[in-house]
Structures are given as structure tokens and as C-alpha cells.
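Since the structure comes first, as C-alpha cells, the remarks are kept for the end.
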Amino acid sequence: MRDQLLAKAKRLVIKIGSSLVASRDGGLRTSHIMSITKVLAKLQADNRQIVIVSSGAIVAGIQHLQLKNYPRSIPMKQAAAAVGQSRLIRAYEKSFEKTGDKVAQILLTHEDLADRKRFLNARHTLTSLLRHRVIPIINENDSVSVDEIRFGDNDNLAGQVAHVVDADLLVIFSDVDGLFTADPRQDSSATLIPTVTKFTKSLEQSAGKSRSEESRGGMITKIQAAKHVARFGVSTLLLNGETPEILHEVLQGAPGGTLFFPHQSPLTSRKQWIAYTLRPKGQLLLDQGAVDALRQHGKSLLPSGILEVKGQFNAGDAILCLDKQGEEFAKGLVNYSAQNLQQIKGHNTQDIQKLFGSREYEEVIHRDNLVIL
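If you're matching positions, the sequence shown starts at 0 in numbering that gives the first Met the number 0 and goes up one per residue.
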């Protein structure tokens, strides 16, 4: 099954970690970038389509600006990203020129994908590039995206890109050989896990923490990205990018890395967008009857099942649904503002018209706009 999934993967998103392309002391690792691009060019020659999500702009900028320490302030990180991104894309372009391949740079922010129209425009652009055998090189627009620098990571971005381009396989190149039973840097008895078919809490607990300031993700964000794209029907392959040639070998059936299997019943594109692209603006605490109706029977959410409304949000915003224990179990687009929901929570549907004078929606969240997480 593993070999079959890898063999039939034709559209690949390759996430390349910052430590693979740049070092704080030495700047860009141009020779290693060349090693990576040779492997990817070979895959493209084998009629596979390649999309790159590359970290490393900030670290590359640190060296060029001759900064002694990794910047702490947001403006300085943004300045380093602005300087480093141009150097990073130039290094990729020079490397791919030697293999006869063309590249395109695309910088994204979360807002580009949260807006459905812009999301679809990004999909059309990337699809056109792939159709013309151009390799897109994508990064978060760190010079303007404050939230990403402070909290985000490119593992999540790579997962979002896999959704945008409708990828078959997400490849995460890191500085580890795959997912282990424990952190191999701390536990010599740790063993490599070759395949993951189910995402559990114990699986996430086996993930180690990030080792450096430059690497903002760590193993936990890689598992989360794999979990998210699995819901899209996309497999994830975690490999050691210090030996990039292993990717070609593994795709040919050799052992190596960790393969995360996709979900058997993938979400529709719209529900993928709701579940993993939109950021929730509030929360609804539900009674057990409402939880069962949504989770077990696929029903819409009615106002009678709402116990508590948390946060400030407008109609059309994404919100999270919580059970009585406070666990998040669903996400959806709400038909009423937080202010209006405070008035109708716990009421029957027919009470809406009495309270507001009209009833535009019977459901607080329609099942077509609801995703069980």
C-alpha cells in the first residue's frame, strides 16, 4: 500500500526547512540547494509536478545584514525576511537554470487563502504554472505577515498549499529521518516509524520540540500538517533533507522516512477550506443533544442546543463548536452574529421570528457549512 501511494503521486508539494537552505553563521547553503534542486529536477523529468514551499528567508537575511544575533523584534525579523527572500529565490533560480527548469516566486499571507475568491485565484495561478512546467517556489510573506512570524510555521503553509494545488503528496524535508517512537536525540532506543495510518494523541506526544530559533515548527507542527492534509486525501512523507536523493529512492519503492496515510473519506474542497484555512472568531458551547446531532447524525446546529456564546463575531464568520467538557469537535460558518446568538441561544427555531421580527435562517450553522474535526 505504501509503495502504491508513493508511485502514483504525480503532484508533489515539497516543504524545505530553513536549516537545509541557510545557516545563521554561513548564510545560504548554495551547494545543498543545488543538491536538492537536482533531485527535484529529476522528478520533474519523470513527469511529476513539483511545488516548493521553502523557509529560510529570515536566516538568509541575518547573514547579509551582518546581524550578530537572531532578531527578537518583529520589525527586524521583517527586515531580515525582506532582504533574505530575494537572495533565497535567486539561489533557487540559479540552481534550476543549470537543470534547464523555470521557477516562479509566490509570497502568500493567510488573508490570501482565507478569502475564498483569492484562494481560487491562487489555485488557478499555480495550476497554470504547473501546466507550463514552471516550478512555483512559495514562502509566507514574512515582511508583512506579523502573525506568521510570531506564531506560524511553514509546515502549516505547506499543508495549505497542498490543498490549494490539490496535491497527491506532501513531502516535508527536515533535519530528521522521520517520526520516531521518542526523540532520538534524547533516547537512544527510539525507533523509526515507517507508516502512520491513524492520528492519535500518543502520536503527537512522541514528537520532540524544535531545537533552534530558526526552525519555528518542530516535529509537532509536521504531524499536525500531515493530519490536516490527510483529511484532504493527501499523503505526507517526512524525510531527512540532508540527503535529498533519498526522496527519489523512496518514490521508487525503497524504505525510508515516515509516510502518513490519507483519510479514507476526504472532505470536499469547500469543507477543507472551512476546517483548515479559516481562523475561528468565536466559540459555541453546546449541550449533549446538539453534540450528538452534529457528530453522529450530520444535522445542522439549531439555537436550542447552544448553552453559551463566546467571543465577538459576525454572521458568516467561522466559529468552533465545543462539547460540555470544552473540547473542540466541529467548525463552521455561523448565520448569526454573537450579539444575536446571545438573544436566541436555548430557544426553539420558531422563537427567532418572535425575537427579531423575521427569521432569515432556521439554522445557526447549516450542515453544508459545518465540519466535524
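Glycine residues also receive a C-beta, built at the ideal position from the N, C-alpha and C atoms. On a predicted model such as this, the values are computed, not experimentally measured, just so you know.
The beta carbon of His63 sits closer than 8 Å to the beta carbons of Gly26, Val82, Gly83 and Arg86 from its chain, once the five residues preceding and following it are set aside; these are given in chain order.
Annotated three-state conformation of Glu96 is helix, per DSSP. By a beta-carbon distance limit of 8 Å, Asp167 does not contact Ala59. Their separation comes to about 30 Å.
Inter-residue distance for Thr242 and Cys320 is about 43 Å (C-alpha atoms, whole angstroms). In the three-state reduction of the DSSP assignment, Pro302 falls in the helix class, which pools H, G and I. In this chain, the alpha helix (DSSP H) harbouring Gln341 covers Ala337 to Ile343. As the crow flies, the alpha-carbon of Tyr335 is around 45 Å from that of Tyr69. For Lys309, the number of other beta carbons within 10 angstroms of its own is below 16, and it is reported as exposed.
Selection Phe259, Phe172 and Asn155 evaluated against Leu202 yields Phe259 as nearest (Cα-Cα). Look at Ile192 here: in three-state DSSP terms it is coil, with no helix or strand label. The beta carbons of Leu266 and Val370 sit about 7 Å from each other, so the pair counts as a contact at 8 Å.
Runs of the beta strand (DSSP E) lying entirely within the segment 210-258, each at least 3 residues long, are 234-239 in chain order. The beta carbon of Phe231 lies closer than 6 Å to those of His162, Pro265 and Gln271 in the same chain, with the five residues before and after it left out. Here Phe179 carries a strand assignment [DSSP, helix/strand/coil]. Secondary structure at Phe355: helix, using DSSP grouped into helix, strand and coil. Thr257 is a Cβ neighbour of Leu236, given a cutoff of 9 Å. For the options Ile13, Met0 and Pro302, the alpha carbon positioned closest to that of Asn153 is the one of Ile13.
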